[in-house]
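Under my numbering, the first residue of the sequence shown is numbered 2, with each subsequent residue one higher.
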Amino acid sequence: MKPIRQQYFKYCCHYAIIPIKKENTGDFMRKKENNTNQLVRAALYVRVSGEEQKIKGLSLEAQQERLEAYAKEKGWIIVGIYIDAAKTARKDMRKRVEFQRMIEAVKRDEVDVLLFCRLDRWFRSVADYYKIMEILDAHNCNWKTTDEEYDTSTANGRLYINVKLSIAQNEADICGERIEVIFDSKIAHGTVISGSCPFGYRINDKKQLEVIEEQANIVQDIFDCYEKSVSKYGTTKYVREKYGINWSPWTIGHIISEKLYTGVYDRNDRYNDNFCPPIINNEQFERIQNLSQRNVYFAPSGRIYLFASIIKCAECEHNLIGYVASHRETNRHYYRCNQYAQRGRCSHNRSAREDYIEQWLLDNISAEFRRYRIEWEVRAAKKKQDTFSVDRAAIKRKLKKLKELYINDLIDLEDYRKDYQTYTAALNQTLNQTKEEPPDFEAIEAVIGDNFGEVYRTFSREEKRTLWRSIIKEICIDKDNNIVSIVFV
2 MKPIRQQYFK
12 YCCHYAIIPI
22 KKENTGDFMR
32 KKENNTNQLV
42 RAALYVRVSG
52 EEQKIKGLSL
62 EAQQERLEAY
72 AKEKGWIIVG
82 IYIDAAKTAR
92 KDMRKRVEFQ
102 RMIEAVKRDE
112 VDVLLFCRLD
122 RWFRSVADYY
132 KIMEILDAHN
142 CNWKTTDEEY
152 DTSTANGRLY
162 INVKLSIAQN
172 EADICGERIE
182 VIFDSKIAHG
192 TVISGSCPFG
202 YRINDKKQLE
212 VIEEQANIVQ
222 DIFDCYEKSV
232 SKYGTTKYVR
242 EKYGINWSPW
252 TIGHIISEKL
262 YTGVYDRNDR
272 YNDNFCPPII
282 NNEQFERIQN
292 LSQRNVYFAP
302 SGRIYLFASI
312 IKCAECEHNL
322 IGYVASHRET
332 NRHYYRCNQY
342 AQRGRCSHNR
352 SAREDYIEQW
362 LLDNISAEFR
372 RYRIEWEVRA
382 AKKKQDTFSV
392 DRAAIKRKLK
402 KLKELYINDL
412 IDLEDYRKDY
422 QTYTAALNQT
432 LNQTKEEPPD
442 FEAIEAVIGD
452 NFGEVYRTFS
462 REEKRTLWRS
472 IIKEICIDKD
482 NNIVSIVFV
């Protein structure tokens, strides 16, 4: 026997020698059929993937008709029909909803036999097969195919099952690889791989996305509104009132995070930066993602808190929560630490007034920004120097080792020259290594210019909130209501 066939035989026999704790399926069925007081309860299982249904004509109806006719001929009672349409057997079996319902019925001892047309309708994985067999054995349930004959009572019979499952699994893997190649090619050429597309696009005759101008204007308006309000709920209300579209905040969130609107396809390890015509420019899309990732706090009452989601407790590092307290004829906005107020887990027991924080920032924002910029540049320079020193030292050690190998005749002159050039080039590259990308200091400096305070006072509360979030990532305040640090975007 050839070595490859020997290995394959050992692989199959590994599963074939697993003991089967119950009797032969055929003997079990004959005993139940001969016992008129004990009827056989059968569960019919039908599965087909979308591609198989198109290519091979393995329709759900045809399978179901064959199974029902077989059960009727045997005199079995059909206690359930479980159909997984357009479900592949290659993936996790937990994703087959009807299959899982059938196994739950087995666990409740409601089924005596599982009936399906062919073994590959059930599984295309040897490992999954034996996982389910443990459940069937524990609940005295058997399985039967209408189009094939199997015998699980002998080693040869179990070996045959393993071979069939291995072949089916191999076919599925090869088919999956071919499909992946086809999908890669389609994405590279800007062709869609499904019939769905984001709002604002439609699929043309070339199976490519094209822009629907009327819808694209709505998409642009949604991005503009969210960037201004930083609120999915506020944007939802705006869209409902202006366009009469009854979307949910979840839909708005899905739209503002859809990268296809920039013309870029970036899913499942496939990338094409020119997949379709863009509706949103990259700069605005990135700004929206930065705003969205800050976990903006939403007040159900509709109130606007200027520093919600960016103001944090210095003691426990949780976000401070905004609330409104009545003061004579006005309502004042405050921030408090809920880790203290509701759970007693923090020592931050004082609330901070929003107008005090706002005024402190207006008075000190320029000085704080200059301090932050200097500290950042010092840290970046030190980090660069540390990395630079380590890299150069490592390369120099390699050059020294290379020289020793050549002197001791362990490598020839050609190899020495080749490696020497490689290490020398790497050493020179460390001199020109790129700097760490800094924050956009110039943009922040332009915002907080000389007339910042005057312009700021003309803004609405919503515009003020957007401004602070556009330049500040975090404000840290201690239990004495002192601002101890500011992190800029």
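We put the beta carbon where it would ideally sit given N, CA and C, even for glycine.
- aspartate 85 classed as buried or exposed, judged by whether at least 16 other C-beta atoms fall within 10 angstroms: That one is buried.
- Helix, strand or coil at lysine 419 according to DSSP, with G and I counted as helix: Three-state result, lysine 419: helix.
- Measuring CB to CB, does valine 107 end up less than 7 Å from valine 41? The answer is no: Cβ separation not under 7 Å.
- Task: Helix, strand or coil for threonine 435, going by three-state DSSP, please let me know.
- Result: Because threonine 435 sits at a pLDDT of 46, beneath the cut-off of 50, its placement in the model cannot be relied upon, and the following sentence gives the value as read from the coordinates. In this structure, threonine 435 counts as coil in the three-state DSSP scheme.
- Task: Give me whichever residues DSSP pairs with glycine 323 in a beta bridge.
- Result: DSSP output for glycine 323 lists Tyr336 as bridge partner(s).
- Query: Where does serine 197 land, buried or exposed, given buried means 16+ other C-beta within 10 angstroms?
  - Reply: Classification of serine 197: exposed, given that the 10 Å Cβ count is below 16.
- Query: phenylalanine 224 by DSSP, collapsed to three states: which one?
  - Reply: Correct three-state label for phenylalanine 224: helix.
- Query: For the candidate residues Thr252, Ile188, Arg241 and Ile253, whose alpha-carbon lies nearest to that of glycine 264?
  - Reply: If we check each option's Cα against that of glycine 264, Ile188 comes out closest.
- Query: Taking the DSSP output, what are the residues bridged to valine 488?
  - Reply: Per DSSP, the beta bridge partners of valine 488 are Glu475.
- Message: Give me the DSSP bridge partner(s) of alanine 86.
- Response: Paired residue(s): Val49.
- Does DSSP put isoleucine 312 in a helix, in a strand, or in coil? Collapsing the DSSP output to three states places isoleucine 312 in a strand.
- Message: Going by C-alpha to C-alpha distance, which of Val325, Arg333, Gln343 and Asn332 sits closest to histidine 319?
- Response: That would be Gln343, whose Cα lies nearest to the Cα of histidine 319.
- Query: Where isoleucine 445 and leucine 400 are concerned, what is the direct C-alpha to C-alpha distance, given to the nearest angstrom?
  - Reply: If I take the Cα positions, the gap works out to 46 Å.
- Given 8 Å, three or more beta-carbon pairs between the segment 221-236 and the segment 462-473: Cβ pair count under 8 Å is three or more, so yes.
- Query: Since phenylalanine 370 and isoleucine 289 are thought to touch, with beta carbons under 8 Å apart, how far apart are those beta carbons, to the nearest angstrom?
  - Reply: The C-beta distance from phenylalanine 370 to isoleucine 289 rounds to 24 Å, too long to meet the 8 Å contact threshold.
- Rounded distance between the beta-carbons of glycine 191 and cysteine 277, thought under 8 Å: About 7 Å; that satisfies the 8 Å criterion.
- Nearest to methionine 134 (by Cα), restricted to the options Asn163, Asp148 and Thr147: For the residues Asn163, Asp148 and Thr147, the minimum Cα distance to methionine 134 belongs to Asn163.
- Quick one: is tryptophan 251 buried, meaning 16 or more other Cβ sit within 10 Å of its Cβ, or exposed? By the Cβ neighbour-count rule, tryptophan 251 is exposed, with fewer than 16 other Cβ atoms within 10 Å of its own.
- Message: Assuming isoleucine 204 and leucine 210 are in contact, meaning their beta carbons sit under 8 Å apart, how far apart are those beta carbons, in whole angstroms?
- Response: Confirmed, Cβ separation roughly 6 Å.
- Task: Give the secondary structure of lysine 145 by DSSP, where H, G and I count as helix, E and B as strand, and everything else as coil.
- Result: Lysine 145: strand per DSSP, three-state reduction.
- Message: Along the chain, where does the alpha helix (DSSP H) containing tyrosine 234 start, and where does it finish?
- Response: That run of the alpha helix (DSSP H) goes 233-244.
- Beta-carbon proximity list for valine 47, same chain, < 6 Å, skipping 5 on both sides: Non-local C-beta neighbours of valine 47 in its own chain, meaning closer than 6 Å and more than five positions away in sequence, comprise Leu61, Gln64, Gln65 and Ile84, ordered along the chain.
- Task: Pick out whichever of Glu149, Asp110 and Tyr151 has its Cα sitting closest to the Cα of aspartate 138.
- Result: It is Asp110 whose Cα lies nearest to the Cα of aspartate 138.
- Message: Let's see if you can read the secondary structure: which residues bound the alpha helix (DSSP H) around phenylalanine 100?
- Response: Membership of phenylalanine 100 in the alpha helix (DSSP H) is indicated by the continuous run 98-108.
- Return helix, strand or coil for glycine 345, following the three-state DSSP convention. Reduced to three states, the DSSP call for glycine 345 is coil.
- Buried or exposed: asparagine 283, going by 16 or more other Cβ atoms within 10 Å of its Cβ? Around the beta carbon of asparagine 283, fewer than 16 other beta carbons sit within 10 angstroms, so the residue counts as exposed.
- Task: Report the rounded CA-to-CA distance for glutamate 99 versus glutamate 181, giving the unit in angstroms.
- Result: About 26 Å.
- Message: Taking 7 Å as the threshold (C-beta atoms), are isoleucine 305 and arginine 462 in contact?
- Response: Cβ atoms of arginine 462 and isoleucine 305: closer than 7 Å.
- According to the neighbour-count rule (16 or more other Cβ atoms, all chains shown, within 10 Å of its Cβ), is asparagine 350 buried or exposed? Counting Cβ neighbours within 10 Å, asparagine 350 comes out exposed, since fewer than 16 surround it.
- Query: Tell me which same chain residues have a C-beta within less than 8 Å of the C-beta of tyrosine 415, skipping the five on either side of it?
  - Reply: Position check: residue 415 holds glutamate in this sequence, whereas tyrosine was assumed. Nothing meets the Cβ criterion.
- Can you pull the DSSP bridge partners for alanine 353? DSSP output for alanine 353 lists Tyr336 as bridge partner(s).
- Item | Cβ-based neighbour list, aspartate 481, same chain, cut-off 8 Å, excluding 5 preceding and 5 following | Apart from sequence neighbours up to five positions away, the residues of its chain that approach aspartate 481 with a beta-carbon distance below 8 Å are Arg351, ordered along the chain.
- Message: Can you tell me where the beta strand (DSSP E) holding aspartate 138 begins and where it ends?
- Response: In the DSSP assignment, aspartate 138 falls outside any beta strand (DSSP E) and lies within the alpha helix (DSSP H) extending over 127-139.
- Just how far apart, CA to CA, sit arginine 97 and tyrosine 151? Spanning the alpha carbons of arginine 97 and tyrosine 151 requires a straight line of approximately 24 Å.
- Item | Sequence-distant residues of the same chain with beta carbon closer than 7 Å to phenylalanine 489, five excluded per side | Short of 7 Å from the beta carbon of phenylalanine 489, and not among the five residues preceding or following it, lie these beta carbons of its own chain, in chain order: Phe370, Tyr373, Pro440, Ile445, Ile472, Ile473 and Lys474.
- With burial defined as no fewer than 16 other Cβ atoms inside 10 Å of the residue's Cβ, what is the status of glutamate 287: buried or exposed? Flag for glutamate 287 reads exposed.
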